[in-house]
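Residue numbers (our numbering): 39 to 424.
Beta carbons: idealized from backbone N, C-alpha and C, even for Gly.
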Ligand SMILES: Cc1ncc(COP(=O)(O)O)c(C=O)c1O
């Protein structure tokens, strides 16, 4: 028998369905509402800052856990917006995107055999992150349309092996924004069971209809047991720059920094300088972000309703989950395939956000960080859907 040269770990998960949908969209000339990246320009000031940093020869390795400028700026923003007290010297690790911040955090905090609770539907990276760190994922299902939490059921998932709970607010793919009351109850469970909260807050500024972003680390008793992850991809429309970070108490940060150093050494130096400048943008920039995404959300939401989908209105982030059960397809994958190949629009099959594909079979996810013309082109094509 020929030897298998791939690891058991790597065989345990598939390629990202989201990134695969982008490749399919390109192949079929479809409008890409699958992968969550803007098709409009990044702010001129952030681009100018990057060019200036390259010209100023910030082109060699930065300090592995992030340039001082960026860590200082992250600490100031975290205090001003999130209300988190951050020592930039001991509590911040700048990574290659929130993606790396999450896997570095898991590798730094979770041992093989320990359990990690994940809300589903979930951002698809969390599953492989668990496998790569040897953790056993334990899923708690949120049901549409309000994605409310049954706390008795959630409490039952905690065991002596539970090391952490991962939550993502505002949430991809559901658009749920966890309320303070919900976070307080999750915080109480974390304290009762002595485990960590790892929060992915990458959409923290993209909020609708008055929804408020609350950071878990600000709740009583949580600063010492929370890792707060965020980054620049979504707020500053620079998903290709790969700038993210983890904020954590010093002892946890020391472990995350070690893992991060051996994973990637560091995020791109000149882009870190530009990222620092971006965090000092005037308050209006952050307010405008919510306003502009509200328009995009409404445009896509209303269009999907006209095209006979049953979309769920998000309260944050930039995705819409839409019910497709009534279109009569075998499942979400068959529907998404038809959409990209024959209708010319790419979305993400709902099953990629669930452990059990059955659970996602009546859902498709569309994203809307797109120009009006792109959203309109997609809606025009979806109007032809039979
Ligand atoms: C919930 C969530 N976390 C993290 C990321 C990736 O962030 P980054 O580009 O900073 O790695 C995404 C991207 O879609 C996301 O939706």
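On the three-state DSSP scale, how would you describe residue 120? helix
What does residue 289 pair with, by DSSP beta-bridge criteria? None; residue 289 has no bridge partner.
Let me know the alpha helix (DSSP H) ranges lying completely inside the segment 71 to 110, each 4 residues or longer, listed in chain order. 82 to 93
Just to confirm the assignment, what range does the alpha helix (DSSP H) spanning residue 357 have? Looking at the DSSP string, residue 357 is not in any alpha helix (DSSP H); the run it does join, the beta strand (DSSP E), is 357 to 361.
Are the beta-carbon atoms of residue 404 and residue 325 separated by less than 8 Å? no
Say the cut is 7 Å; is the CB of residue 271 nearer than that to a heavy atom of ligand 1? yes
For a quick check, are the C-beta atoms of residue 165 and residue 150 less than 8 Å apart? no
Please report the Cβ distance between residue 239 and residue 207, rounded to the nearest whole angstrom; I am assuming they are in contact, meaning their Cβ atoms lie under 8 Å. 7 Å
Any heavy atom of ligand 1 closer than 7 Å to the beta-carbon of residue 143? no
Verify the contact flag: residue 203, CB atom, against every heavy atom of ligand 1, threshold strictly below 7 Å. no
Cβ-heavy atom distance between residue 266 and ligand 3 below 7 Å? Ligands displayed in this structure: ligand 1; ligand 3 is not among them.
Measure the C-alpha to C-alpha separation of residue 184 and residue 271 and round it to an integer number of angstroms. 27 Å
Can you tell me whether residue 216 is buried or exposed? The criterion is at least 16 other CB atoms within 10 Å of its CB, across all chains shown. buried
Counting along the chain, where does the beta strand (DSSP E) carrying residue 204 start and finish? 200 to 206
Pull the bridge partners of residue 170 from the DSSP assignment, please. Its beta-bridge partners do not exist; DSSP assigns none.
Residue 131 Cβ short of 7 Å to ligand 1 heavy atom set: no
Return the bridge partner residues of residue 234 from the DSSP annotation. 202
Going by DSSP, what residue range makes up the beta strand (DSSP E) through residue 404? 401 to 405
Could you tell me if the beta carbon of residue 74 falls within a distance shorter than 7 Å of some heavy atom in ligand 1? yes
Residue range of the alpha helix (DSSP H) that residue 330 falls in? 321 to 344
If you draw a straight line from the C-alpha of residue 65 to the C-alpha of residue 221, how long is it? 42 Å
How long is the line joining the alpha carbons of residue 192 and residue 306, rounded to whole angstroms? 40 Å
Completely contained alpha helix (DSSP H) runs for the segment 145 to 197, where each covers 4 or more residues: 164 to 171, 189 to 194
What does DSSP give as the partner residues of residue 245 in its beta bridges? 354
Nearest to residue 362 by alpha carbon, out of 353, 356, 355, 345? 345
Is it right to say residue 303 is buried, meaning 16 or more other beta carbons lie within 10 angstroms of its own, or is it exposed? exposed
Nearest-angstrom Cα separation, counted from residue 244 out to residue 335: 11 Å
Just to confirm, are residue 120 and residue 256 a CB contact at a threshold of 8 Å? yes
Under 8 Å, with one C-beta from each stretch per pair, do the segment 84 to 92 and the segment 285 to 303 reach the 3-pair mark? no
Can you give me the start and stop residues for the beta strand (DSSP E) that residue 130 sits inside? 130 to 133
Just the C-alpha distance for residue 173 and residue 104, rounded to the nearest angstrom, thanks. 27 Å
How would you label residue 194, buried or exposed, when you count the other beta carbons within 10 angstroms and need 16 or more for buried? exposed
My understanding is that residue 253 touches residue 155, with C-beta atoms under 8 Å, so please give their C-beta distance in whole angstroms. With 8 Å as the limit, residue 253 and residue 155 do not qualify as a contact, their Cβ atoms being about 19 Å apart.
With DSSP as the reference, please indicate the residues paired to residue 264 in a beta bridge. 235
Mapping DSSP to helix, strand and coil, what is residue 296? helix
CA-to-CA distance, residue 407 to residue 231, given in whole angstroms: 38 Å
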